[in-house]
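Here the structure is laid out as structure tokens; the discussion comes afterwards.
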Amino acid sequence: MKEFFGLLKGGNKPSLLAAIVNSFIGLLKMVAYLLTGNIAMFAEMMHSFGDAANQLFVFIGSALSKKAPTSRFPNGFGRVVNLVCLGAVIIVGILSYEAIKEGIHHLFHPAETTGLAIILSVLGIGVVLELFVFYKAAKEVLHEAGVEGKGLGVFTKSVTHLKQAKPATKLVFMEDFVATSGGVLAMIAVLIAHFTSFVQAEGIASIIIGLMMFYVVGRVFLENARGAIGETDDEMRVHISRIIMKDEHVRDIKMLHVVKEGESLHVDAKIEVDQTISIAEADDIRDRLKLLIYAQKGVSDVLISFDEDNLKTDWQPL
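For the sequence shown, my numbering gives the first residue as 2, with consecutive numbering after it.
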């Protein structure tokens, strides 16, 4: 148990913050829904509770993924975060379905709701809090990408560098973007339904919010399915190949794999060197290259083997 709590300290902080904030928002929306019966509020309530559960699982998964390899699991636990994310999207998928189903029901059986002040107050608080978490997630995206950003530039730059963020951070970013925009959409729908005769607007908003949630489910599922299987990081593969080829004793690269597992990169390379070098010299080359490759962001495991130079170029960078 002590080890478990120790691992939690290394969990993805934006995920934990988002889980806490969304739990609070979900409770507020639940109270507002019970008082008003507003269908757009119901969709937002489901959205917030789904995000909270999802982000809590992701936080725990990101923490467990940092557990050191054991004799039973020598390859480590890097892919745990991907597996947890795959499980978490099931919850969001179910809640998305409920939001869409209730929205469709409201289209065919529209009903006026009361408590406009309560609804707008709760949705407004939710949007402000979601925007705060969204900003924190955007900042974390830039931090993980090694990019600086200030003011509104944080949002625009984070979208550009989202691919470089860790799986857990990407999930929080996408969920809170949808949550913030969904809250604004729900407020607009409530105002339309209140001041016009078009009460179906709330049902339409509920359906759109549910569909946005499904979009996040699809994106997160595909990305983490690739991570769970083990996906080549082409950008880092090219970068590491350049590091290897800069060594004066390396003649060519016979094989180079850079596989992304969870938040970690595993590097496996076979390099060609002059057949006349000694074992001690080859060992020095290995140590020198490992030191450089381990210094690269996200690299957790490096395996380097040697082959004699076949006097022709095999390595073709992407």
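For each residue, glycine too, the CB sits at the ideal point set by N, CA and C.
Around the beta-carbon of residue 110, fewer than 16 other beta-carbon atoms lie within 10 Å, marking it exposed.
Judged by their CB atoms, residue 23 and residue 169 are not nearer to each other than the 8 angstroms cut-off. Residue pairing by DSSP puts residue 261 in a beta bridge opposite 232 and 266. When the five nearest sequence neighbours on each side are left out, the beta carbons in the same chain lying within less than 6 angstroms of the beta carbon of residue 159 are those of 139, 142 and 143, in order along the chain. The shortest C-alpha to C-alpha distance from residue 204 to any of 17, 11 and 45 is the one to 45. Counting the other CB atoms within 10 Å of its CB gives residue 69 a total below 16, which places it among the exposed residues. Annotated three-state conformation of residue 67 is coil, per DSSP. Shown here, residue 199 sits in coil according to DSSP, grouped into three states, outside any helix or strand. The alpha-carbon of residue 316 is positioned some 18 angstroms away from that of residue 294. Taking the Cα positions, residue 89 is about 13 angstroms away from residue 215. Counting of Cβ neighbours within 10 angstroms places residue 72 among the exposed residues, the total staying below 16. Residue environment: residue 102 is assigned as exposed (fewer than 16 neighbouring CB atoms within 10 Å of its CB, all protein chains considered).
With a beta-carbon spacing of about 4 angstroms, residue 267 and residue 302 fall inside the 8 angstroms limit used to define contacts. Under the three-state reduction of DSSP output, residue 171 falls in the helix class.
Secondary structure at residue 177: helix, using DSSP grouped into helix, strand and coil. Under the three-state reduction of DSSP output, residue 148 falls in the coil class, being neither helix nor strand.
Assigned with DSSP and collapsed to three states, residue 113 falls in coil, not helix or strand.
Of the other Cβ atoms in all chains shown, 16 or more fall within 10 Å of the Cβ of residue 47; this residue is therefore buried. Here the stretch 24 to 42 does not lie against the stretch 60 to 69, with fewer than 3 beta-carbon pairs under 8 angstroms apart. Per DSSP, the unbroken alpha helix (DSSP H) holding residue 284 starts and ends at 280 to 295. DSSP places residue 304 in the uninterrupted beta strand (DSSP E) bounded by 300 to 309.
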